[in-house]
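Accompanying notes for the structure given below.
In the working numbering, the protein residues as written are 1 to 112.
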């Protein structure tokens with residue numbers, strides 16, 4: 001079964017969750033403290049808290065996002081936009097952990 005962790009919040013996470021649902025892909029939402037009642041958390045098949053409200057402690061914390069994917073059994077990560085979506089380090093780390101990164105490769109990002 002395909003399971004995608006969405007490493008983002010808000011409207012972009014909602015749109016990704018809905019697209020995944022159309023293709024029969026299970027979804028995992030990540031959220032920071034204070035975002036527990038957000039729509040993306042309720043729409044996802046699973047949700048996991050990744051830290052404090054400060055983005056540096058949650059949505060920008062690569063180790064917590066990777067750990068969340070491993071804990072939930074996600075075999076893909078979609079970065080959404082903003083946050084880590086343009087991070088070559090994030091893309092490389094995801095791939096090194098054997099998780100599919102739904103976005104451009106590190107090499108492609110470096111060429112931009």
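For glycine and all other residues, C-beta sits at the position ideal for the given N, C-alpha and C.
- Query: By DSSP, does residue 12 sit in helix, in strand, or in coil?
  - Reply: Residue numbering aside, residue 12 sits at position 12 when the chain shown is read from its first letter. Helix.
- Message: Is it buried or exposed, residue 9, if we count other Cβ atoms within 10 angstroms and call 16 or more buried?
- Response: Residue mapping note: residue 9 aligns to position 9 of the chain shown, counting from 1. Residue 9 should be labelled buried.
- In chain order, which continuous runs of the alpha helix (DSSP H) of length 4 or greater are located wholly inside the stretch 25-110? 39-43, 62-72 and 88-96
- Item | Beta-bridge partners of residue 3, as assigned by DSSP | Residue mapping note: residue 3 aligns to position 3 of the chain shown, counting from 1. Its beta-bridge partners are 26.
- Query: Are residue 3 and residue 72 closer than 8 Å when you measure CB to CB?
  - Reply: One-based indexing of the chain shown puts residue 3 at position 3. One-based indexing of the chain shown puts residue 72 at position 72. Yes, these two residues count as a Cβ contact at 8 Å.
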